[in-house]
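So the structure is just underneath, and the comments pick up after that.
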Amino acid sequence: MTVDLMQNTLDLMILKALSWDAMHGYGVARWIERTTREAMRIEEGSLYPALHRLERRGLVDSSWGVSENNRRAKYYTLTTRGRDQLHQEVRRWEDLVTAVGRVLSGAPA
Amino acid sequence: MAWIPDRYHRLLELVRGARIDDDIDEEIAFHVEHLEAEFVARGMPPPTARAAAMRQFGDARHYHEISRREKKLMVKARRRSERLRGWGWEIRMAARSLVRSPAFTLAAATTLALAIGANTAIFSVFNAVLLRPLDVPELERLVVIREDLPGLGLFEVDLAPAEVMDLVERDDLFSAVTGYRAGSRTLTGHGAPMRVEAATTLGDFAGVFAVRPHIGRFFAPEQAVAGPREVAVVSFGIWQQLAGGDPGFLGSLIELDGVPFEVVGVLPPDFRHPRSVQIWVPFAYTENWHQNRGSLFLRTVARLGPDLNSAQLDAGIEAEAARWNQEYHAGSQFGKELSTIGFIEHGAGPLRSILFVLMGAVVFVLLIAAANVSSLQLVRGVARQREIAVRTALGGGRIQIARLLLFENVLLGLAGGAAGLLVGVALVRLLTRWAPAEQMHLTELPLDAPVLGFTALLSLGAVVLFGLIPAIRTMRVDPQRVLSDSGRGTSGSGARSRVLQASVVVQIALALVLLLGSGLMLRTLSNLVSAEVGFDPRGLVTAQVSLPGSAYSTERRTRFFDELLERIRASPGLANSALVFGLPFAEQTDSSPIDIPGRPREDGDPERHAEARIVSPGYFRTMGTTIIRGRDFDGTEREGEGRKAIVDQTFAETFFPDEDAVGQIITGYVGEETEIIGVVARVDREEIGSEPKAVAYYPRAQLPWISSFTVVTRTGLSTGAAVAQLRSAVAEIDPNVPLHQVRTMSERIDASLAPRRLAMLALGAFGVLSVLLAALGVYGVMRYTTNQRTREIGIRMAVGADPPAVAAMVLRRGLVLTGAGIVAGTVTALATSRLLTGILFGVEPTDPWAFGSAVGVLAAVSAVACWLPARAATRVDPVTAMRSE
């Protein structure tokens, strides 16, 4: 359960990161760091299995490109399926948050 | 351009395993170095920055490993889906290509469908009769054991019960042996009395046929000897009929001819042996049977022991027969011999040789279809040369092109096979409806796994044979030559037209053989129908009357039949009636020894035995059999007084070749001196044209113990009216005596012709089909070659050749091919038609009439097939023809 949750959360964050622009793995790591204001610390290496799994599932696509410092880097983009998946996951996440929020703030019935 | 999609390149890139590792390493290195650079930029000393970067990244080797696994999975999945998508695409291409040439596709698929359908139909008969007549495991290990008594002129007869028991003991030869006899009985105890077929079985019937009851059990083999014998096993059908499938039926009583039997088992629905038998009971093997080795009436079937070879079997039964001769028949002239025949072969009877002929014929049909479709492919191949050359030039590999052609042919084969199955089903239905299928017990021809498998195999074979080989020939095209050429496929056209011509010759040759076969069968049938059978079957109605043995004493039997004949003859329209035991085309008669007192048989003299028939006075008049010499029985014959007999021509010629048979004394059926008072014409026995055997007729009055006679009546009444009167005549004497086996004589003769009629119908249909296919083939090829020569014809016409000359040129070419086909066909026919000898009647396999008409029909048909393209050739407009190139 926790593993799944973590895994799903990581996937969700990657999909979200890629929803703005094509990025390489390092870029995704920096985006997550920036956006979570360093609240979430992950081992950055774990991004790569996740990216590759998303690629296998057809949610992201990859191609070689040139990085900001002129090195060869692999860039990932969201596929149409990945975008759909992201929307669904976001909605599920919001539903979950709302539900958990109600539980935590709710008065006794 | 879409020929090799770029997905193949991407695929290749992904497949390389080492590449995967490099890619992942590069990504990880990029990441770590970037982090390190950033830490340095923030002021960390380089060695610390390196360590911090690696810490933040985590276990690189671990992540590498997982990533690698993911990538491998992805490559595999992608490869699979690419392949599927690729195949789907190629199949769509193939289908589109077939749809684009509808004439070709329709012609090829129809040809395939007809040939495959014919094969399916014949194979389903073959399967039902010769492969799986009974659903019994290891059916091929079952043999029928028969007895020959050459001294008595008895051959291939059944065995005596005591002999069956002896064979049961031979467990060194057989794993199970049974002897059985089926007969009609009256079933009572469950509603209205009904006639059922029941079999009494001795030995291990259930073991031989490996039958497991649906419910209950099969009675034990020992019950025939030790009892209780009044137990019965019933068919699934009769269980449903009598008890509605209630399992409580087990243990209940049924009565057969007034004797109660306890039902102990119900057999599964698909077990049907002997045919139409519904009840199986133990044979009552009493001490008397043990002594009696002369009553030969049990059909004996054995399951061969494991690992028994035929030499051991032959030696074993020979030794057994020798023992019997020594122990039981010493001093007699019997000389009993045992022989075996495969159970399946025995059951197929005369149908066997006919089915082999038909299988052969239908293979010919398939070969004609093969030649036809492959020439269609070749012709089409020319039109496609350009397409294929373009594909090759654009980089389509030979593998891809071959695959496209393969898919085309597979689709064609599937369409042909599926349509062929439908054609086959229709043919089988037609066969069971119109052909004399019922008389051959062919009413059920299941489309079971072997039949479907056969059809599938044929379709597959057809694909390879008909389509792929010519297609691959087409594929061997040099793109440069074709494309630089004006577009007409001239390359390799010499070889191609040779192949086409050969295919025409083959088609005509095979069609000739089939036509000849159907001509011969047609003559055979017409000979048989008009054959002299020794009596006049028209207007003869026959029906059997059997008295229950228990209720009638010998004296009462005589009185019953006397009175019956009297009443029948008194009925309006039935004055011309008689009784017979041993009706031709119905019952097998006994062959019994005869002797001529005062003339011992010398070596070289014919064996002294004759078939016995027992008749009432007036029988020959009723049948329309000519009395050649002497006179008929006159009704004054009495038991115990001077015995009389009438013999047939064969008898007279065999035993009294140089003198008048009338007035001679023989020792006849009952072993007493008997005077011959007349000679009658020869009558066919079981089949038209069967080998004549000496026959002696004895008067009914002098053989009073016979309890079953067939009434024959020559009447102008309808069959129904005649039978109604016969029934009431019987019922007036004893309402419990049934009238059965009611048939007209013509029906009986028809039934005996059934296998040959099937052969004629099937061969006739194949003959017509093959001629049509061959004509289509000739037409197609001639049309094609004429088209190829349009330019040449145009030039000829431009320089002054008139249309008739052009037509003659085309025709000549076609007729030369036809002639070659006819010659080849004649040679083939001479070599193969001898196989028909066994089923022909009154016609030689080389019959000039049949040959002549087959050749004539083929020549005429192919002349028309050549004339159409020839006429088209004369309409070539020289200007257009030359410009079109």
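Top line first, the protein sequences correspond to chains A and B.
Its first residue numbered 1198, the first sequence is counted upward by one per residue in the working numbering.
Its first residue numbered 58, the second sequence is counted upward by one per residue in the working numbering.
Heads up, the beta-carbon is just placed ideally off N, CA and C, and yes, glycines get one too.
All figures in this text were calculated on a predicted structure; none of them were measured in a lab.
Using the beta-carbon of each residue, which ones in chain B are nearer than 7 Å to residue i?
i       : result
Y1272/A : Correct list: empty, because the minimum Cβ distance to chain B is about 11 Å.
R1268/A : F87
Return the Cβ separation of residue i and residue j in integer angstroms, given the expectation that the two are a contact with Cβ distance under 8 Å.
i      : j      : result
S673/B : L631/B : Contact doesn't hold; Cβ gap of about 14 Å is too wide.
A165/B : I425/B : With a Cβ gap of about 13 Å, A165/B and I425/B do not count as contacting.
I653/B : A667/B : About 11 Å; that fails the 8 Å criterion.
T258/B : E312/B : Not a contact, Cβ separation roughly 19 Å.
L415/B : A811/B : Actually they do not touch by this definition, with Cβ atoms about 14 Å apart.
L216/B : T343/B : Their Cβ separation, rounded to whole angstroms, is 17 Å, which puts L216/B and T343/B out of contact at 8 Å.
M854/B : V933/B : 6 Å
Start and end of the beta strand (DSSP E) containing residue i?
i       : result
I703/B  : R700 to D705
V1257/A : V1257 to V1263
Q798/B  : L796 to T801
I684/B  : I684 to G687
T772/B  : Counting along the chain, T772/B falls outside any beta strand (DSSP E), and DSSP gives it neither H nor E.
A858/B  : Looking at the DSSP string, A858/B is not in any beta strand (DSSP E), and its letter there is neither H nor E.
H666/B  : H666 to V672
L259/B  : M251 to G260
Within 8 Å of any Cβ in chain B, is that where the Cβ of residue i sits?
i       : result
H1249/A : yes
A1262/A : First, the residue type needs correcting, since residue 1262/A is Gly and not Ala in the sequence shown. Answer no: the Cβ-Cβ gap between G1262/A and chain B never drops below 8 Å.
G1222/A : yes
E1235/A : no
R1278/A : no
Mind pulling the chain A residues with CB within less than 7 Å of residue i?
i      : result
D116/B : G1242
H91/B  : Y1223
Hey, could you find the ends of the alpha helix (DSSP H) residue i is sitting in?
i       : result
V291/B  : Taken as a continuous stretch (DSSP letters only), V291/B belongs to no alpha helix (DSSP H), being part of the beta strand (DSSP E) at V288 to V291.
T168/B  : P159 to F183
S1302/A : T1277 to S1302
Y676/B  : Y676 to M680
D205/B  : Here D205/B belongs to no alpha helix (DSSP H); instead the beta strand (DSSP E) covers L199 to L206.
Y1223/A : G1222 to T1232
A239/B  : Unbroken run through A239/B is the beta strand (DSSP E), F231 to T245; no alpha helix (DSSP H).
Y1307/A : Examination of residue 1307/A is not possible in this model, given that chain A is present from 1198 through 1306 alone.
I790/B  : T776 to I790
E344/B  : E344 to Q348
Which word fits residue i, buried or exposed, when buried means at least 16 other C-beta atoms lie within 10 angstroms of its C-beta?
i       : result
K128/B  : buried
A758/B  : buried
G1279/A : buried
V520/B  : buried
G1222/A : buried
T1233/A : exposed
H119/B  : exposed
F712/B  : buried
H330/B  : buried
N1003/B : Given that chain B is displayed from residue 58 to residue 942, the structure contains no residue 1003/B and the question cannot be resolved.
V334/B  : buried
N345/B  : exposed
In chain A, what lies closer than 8 Å to residue i by C-beta?
i      : result
E127/B : P1246, H1249, R1250, E1252 and R1253
Q297/B : The premise fails here: Q297/B is roughly 59 Å from chain A at the closest Cβ pair, so nothing lies under 8 Å.
Q434/B : Within chain A, no residue comes near Q434/B; the closest Cβ sits about 42 Å away, beyond 8 Å.
Between residue i and chain A, is there a C-beta pair that is closer than 8 Å?
i      : result
Y120/B : yes
A134/B : yes
S124/B : yes
E84/B  : yes
L130/B : yes
Q845/B : no
H564/B : The sequence given here has Gln at residue 564/B, not His. No, because no Cβ of chain A sits closer than 8 Å to the Cβ of Q564/B.
Q457/B : no
Q442/B : no
Q558/B : no
Is any heavy atom in the ligand ZN found nearer than 7 Å to the beta carbon of residue i?
i      : result
A300/B : Looking at this structure, you won't find the ligand ZN or any other ligand, since it has none at all.
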